[in-house]
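Encoded as structure tokens, the structure appears first; notes follow it.
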Amino acid sequence: QVIRVRRAKLLQDAMEKCASFEDKAWRQDWQIRFDGEQGVDWGGLQREFFNILGREVFSTKKKGSKEPLFTQMGTDSGPLAHPNIHASADADTAAFRFAGKVMGKCLYDSAVRDSHHLLSVHYTRSFLKLILGVPISYHDFEKDDPQLFKSKVQFMVANKIDDAGLDLTMSEEYYAPGGKLIETIDLVPNGKGVPVNDGNKRMYLTLLARHRLGLSRKPYNTEAFSPQVKAFIEGFYTLVPPGLLETFDENELELLVCGMAEVSLSDFKDNTAYPGIRDP
1 QVIRVRRAKL
11 LQDAMEKCAS
21 FEDKAWRQDW
31 QIRFDGEQGV
41 DWGGLQREFF
51 NILGREVFST
61 KKKGSKEPLF
71 TQMGTDSGPL
81 AHPNIHASAD
91 ADTAAFRFAG
101 KVMGKCLYDS
111 AVRDSHHLLS
121 VHYTRSFLKL
131 ILGVPISYHD
141 FEKDDPQLFK
151 SKVQFMVANK
161 IDDAGLDLTM
171 SEEYYAPGGK
181 LIETIDLVPN
191 GKGVPVNDGN
201 KRMYLTLLAR
211 HRLGLSRKPY
221 NTEAFSPQVK
231 AFIEGFYTLV
241 PPGLLETFDE
251 NELELLVCGM
261 AEVSLSDFKD
271 NTAYPGIRDP
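Following UniProt numbering, the numbering of the sequence shown begins with 1 at its first residue and continues without gaps.
Laid out in structure tokens, this is it:
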């Protein structure tokens, strides 16, 4: 299957080219051609294609959307990609399904034809859990949103809050830059009228995680995914049989999709041998 793209319009061309693909075409070996460039794809062009595509699909706004499909969450080890909760209401589900298929193809090609192309983006642990069907909890804030974890989650878990004056309810409010309230999400039915106290604070934090990290607009319903996240997962599993990942956790999935963020040169040296060449 030949995929011809313009380097400057790679994401646009790839989405248009793949829009008519049936699942069979996604499973075929792709030969990449960059317009205006000579070269035979022996694997290098394919790796470059997926490297660029992975970076662009997780950082570019879909045409007609007010927000990018994915956002970066700040962590102690660097930014991680996470579905944009503010894009979930207006972004095209087809774009999320395409993104899911891109990730799925990287795994499929590695498993079936030993053709390894990694995505150049690292993801939040909670998003990887969503893909695997692993429940999200407030403990996931520690890695995915350490600032919130330290300022809110740890305090609420370690202290009595009934007399702390937090004035929290089972809801999450979103404000415009000028301070205007633009949306309230109920974490439980009629959550705006349900105060958070010592008796229900852990439930509050769990539901907050399901909403903010799980992108559920009805976090009290464990089956309520946003349509966009659902589309991503559907796209991913059109290429990856669900049973293939049953024994993997989120850390192992990241290693399969992204590879290692750092490589030990000393370990590389200790485990590499070139016949006929001696180390000076």
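Ideal Cβ positions, reconstructed from N, Cα and C, are used throughout, including at glycine.
Just so we're clear, the structure is a prediction, and the values are computed from it rather than from any experiment.
| Which whole-angstrom value is the C-beta distance of V257 and M103, which I expect to be below 8 Å? | The count along the sequence shown starts at 1 and reaches residue 257 at position 257. The count along the sequence shown starts at 1 and reaches residue 103 at position 103. Their Cβ separation, rounded to whole angstroms, is 6 Å, which keeps V257 and M103 in contact under 8 Å.
| query | R33: which of D23, R27, F21 and E48 sits nearest, CA to CA? | reply | Indexing the sequence shown from 1 puts residue 33 at position 33. Selected option, being the one with the closest Cα: E48.
| Residue span of the beta strand (DSSP E) that contains T206, given as start and end | Here the question's residue 206 lines up with position 206 in the sequence shown. Segment K201 to R212 is the alpha helix (DSSP H) holding T206; no beta strand (DSSP E) there.
| query | Which value, in whole angstroms, describes the spacing of the CA atoms of T111 and I233? | reply | For the purposes of this step, residue 111 is identified with residue 111 of the sequence shown, where counting begins at 1. For the purposes of this step, residue 233 is identified with residue 233 of the sequence shown, where counting begins at 1. It should be pointed out that residue 111 corresponds to Ala in this sequence rather than to Thr. One C-alpha to the other measures close to 19 Å.
| query | Identify the residues that DSSP records as bridge partners of S171: which are they? | reply | Numbered from its first residue, the sequence shown carries residue 171 at position 171. In the DSSP output, where bridge partners are listed per residue, S171 has D186.
| query | Assuming Y138 contacts L215 under a Cβ cut-off of 8 Å, what Cβ separation, rounded to an integer in Å, is found between them? | reply | Within the sequence shown, the letter at position 138 stands for residue 138. Within the sequence shown, the letter at position 215 stands for residue 215. Y138 to L215, Cβ: 15 Å. No contact.
| If you draw a straight line from the C-alpha of L239 to the C-alpha of V153, how long is it? | Within the sequence shown, numbered from 1, the residue matching residue 239 stands at position 239. Within the sequence shown, numbered from 1, the residue matching residue 153 stands at position 153. Rounded to the nearest angstrom, the two C-alpha atoms are 37 Å apart.
| message | Can you find the residues in the same chain that come closer than 7 Å, C-beta to C-beta, to K201, ignoring five residues on each side of it along the sequence? | response | By 1-based counting over the sequence shown, the position of residue 201 is 201. M156 and I161, listed in sequence order.
| field | Which listed residue (A95, V134, G54 and Q46) has its alpha carbon closest to that of E67 | value | Start at 1 with the first residue of the sequence shown, and residue 67 comes out as number 67. Nearest C-alpha to E67: A95.
| task | Starting from residue 339, follow the beta strand (DSSP E) in both directions and report where the run begins and ends. | result | Lying outside 1 to 280, the shown extent of the chain, residue 339 is not represented and no answer is given.
| query | Is it right to say L187 is buried, meaning 16 or more other beta carbons lie within 10 angstroms of its own, or is it exposed? | reply | In the sequence shown, the residue the question calls residue 187 occupies position 187. With 16 or more other Cβ atoms within 10 Å, it is buried.
| query | So which of E223, H82, G165 and P135 has the shortest CA-CA distance to V196? | reply | Looking up residue 196 in the sequence shown gives position 196. Looking at the Cα atoms, G165 is the closest of the given residues.
| Given a threshold of 16 other Cβ atoms within 10 Å of its Cβ, counted over all protein chains shown, does N221 qualify as buried or as exposed? | One-based indexing of the sequence shown puts residue 221 at position 221. Classification for N221: exposed.
| Which of the three DSSP states, helix, strand or coil, is assigned to P241? | Stepping through the sequence shown from its first residue, residue 241 is reached at position 241. If DSSP states are grouped into helix, strand and coil, P241 belongs with coil.
| Short Cβ contact (8 Å threshold) for D140 with M73 | Translated into the one-based positions of the sequence shown, residue 140 becomes position 140. Translated into the one-based positions of the sequence shown, residue 73 becomes position 73. Result no, Cβ atoms of D140 and M73 do not sit closer than 8 Å.
| request: Find out if the Cβ-Cβ distance for the pair V194, P83 is shorter than 8 Å. | output: Here residue 194 refers to the residue found at position 194 of the sequence shown. Here residue 83 refers to the residue found at position 83 of the sequence shown. No, these two residues do not count as a Cβ contact at 8 Å.
| request: Could you give the DSSP three-state label for V5: helix, strand or coil? | output: Within the sequence shown, numbered from 1, the residue matching residue 5 stands at position 5. Three-state DSSP puts V5 in a strand.
| request: Whole angstroms is fine: what's the gap from S151's alpha carbon to T206's? | output: Numbered from its first residue, the sequence shown carries residue 151 at position 151. Numbered from its first residue, the sequence shown carries residue 206 at position 206. Approximately 16 Å between the Cα atoms of the pair.
| task | Verify whether the separation of the beta carbon atoms of G54 and S126 is less than 8 Å. | result | Looking up residue 54 in the sequence shown gives position 54. Looking up residue 126 in the sequence shown gives position 126. No, these two residues do not count as a Cβ contact at 8 Å.
| request: Go through its chain and collect everything with a Cβ distance to H116's Cβ below 6 Å, but skip five positions before and after it. | output: As a working mapping, residue 116 is identified with position 116 in the sequence shown. Within the same chain, H116 has close Cβ partners S110.
| If you compare alpha carbons, which of I85, N51, Q46 and K192 is closest to S226? | Mapped onto the sequence shown, residue 226 falls at position 226. For S226, the nearest C-alpha among the options comes from I85.
| task | Reducing DSSP to helix, strand and coil, say where T93 ends up. | result | In the sequence shown, residue 93 corresponds to position 93, counting from 1. The answer is helix: DSSP assigns T93 an H, G or I state.
| task | Out of T93, Y204 and D29, point me to the one whose CA is closest to Q46's CA. | result | As a first step, residue 46 is located in the sequence shown; it is residue number 46 there, counting from the start. The candidate whose alpha carbon is nearest that of Q46 is D29.
| So the beta strand (DSSP E) residue 288 belongs to, where does it begin and stop? | No statement about residue 288 is possible, as the shown extent of the chain runs from 1 to 280 and does not include it.
| task | Apply the 10 Å Cβ neighbour rule to E172 and answer buried if 16 or more other Cβ atoms are within range, or exposed otherwise. | result | By one-based count along the sequence shown, residue 172 stands at place 172. Under this definition E172 is a buried residue.
| Contact under 8 Å by Cβ, G199 with M170 | Within the sequence shown, the letter at position 199 stands for residue 199. Within the sequence shown, the letter at position 170 stands for residue 170. No, the pair does not count as a contact, with Cβ atoms beyond the cut-off.
| field | E56 versus E16 - alpha carbon distance | value | Along the sequence shown, one-based indexing puts residue 56 at 56. Along the sequence shown, one-based indexing puts residue 16 at 16. Their backbone Cα atoms lie some 15 Å apart in a straight line.
| message | Going by C-alpha to C-alpha distance, which of E22, P79, G259 and E37 sits closest to Q147? | response | The sequence position of residue 147 within the sequence shown is 147, counting from 1. Checked all of E22, P79, G259 and E37; the closest Cα to Q147 is P79.
| What are the boundary residues of the beta strand (DSSP E) that includes F248? | Within the sequence shown, residue 248 is the residue found at index 248, counting from 1. Looking at the DSSP string, F248 is not in any beta strand (DSSP E), and its letter there is neither H nor E.
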